[in-house]
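One structure below.
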Amino acid sequence: MMKTCRLLYREGAKHALRSLVELLNDAHILSFTQFLLAEDCHRTQNNLLRLHICISWLNVEACVPPLRALFENLGPMMCFRELHVHSPENLFRDTQLASAFAQVPAIGRLK
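Here it is, written out as structure tokens:
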């Protein structure tokens with residue numbers, strides 16, 4: 465439904481991103497990054513408050529490219545009240561992703 469109406473698509477993101485966003489597998493990550501990178505990237509500014517990324521060591525390779533694109537394009541505009549990353553040592557083994565993630569200006573609480 466949100467794809468059929470530009471108003472809902474743009475305004476819906478503001479409401480959806482104020483809740484806890486849980487990315488539990490590579491399909492969630494791919495879908496979420498495509499959603500945020502689509503069309504108007506400014507709709508995410510100051511809206512992504514709580515993010516939980518849970519990546520098992522089995523699917524890290526599939527998750528890195530979309531996350532890298534997300535942080536390269538939107539990192540400077542993102543602010544997190546809370547960011548929870550399972551297995552960060554596996555995820556940030558990719559130095560380009562780590563560099564892109566370093567562009568995020570504010571993280572209130574990092575787990």
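Be aware that the sequence shown starts at 465, since it is given in this note's numbering, and climbs by one per residue.
Where a beta carbon is used, it is the ideal one built from N, C-alpha and C, also for glycine.
query                                                                                                          : result
C-beta contact flag for Phe556 and Arg514 at 9 Å                                                               : no
Residue from Ile517, Leu500, Ile493 and Glu486 whose Cα sits closest to the Cα of Val549                       : Ile517
Neighbour-count burial assignment, Arg573, 16 or more Cβ in a 10 Å radius                                      : exposed
Expected contact under 8 Å - CB spacing of Leu488 and Leu531 to nearest Å                                      : Contact flag wrong, Cβ pair sits at about 14 Å.
Leu484 in three-state terms, based on DSSP                                                                     : coil
Limits of the unbroken beta strand (DSSP E) element including Leu513                                           : No beta strand (DSSP E) contains Leu513, which DSSP labels as neither H nor E.
Minimum C-alpha distance to Cys534 - residue among Gln567, Asn523, Val524 and Glu525                           : Note on identity: in this sequence residue 534 is Leu, with Cys being the wrong assignment. The shortest C-alpha separation from Leu534 is found at Gln567.
Thr559 classed as buried or exposed, judged by whether at least 16 other C-beta atoms fall within 10 angstroms : exposed
Cys527 versus Ile493 - alpha carbon distance                                                                   : 7 Å
Leu481 beta carbon less than 9 Å from that of Asn537                                                           : no
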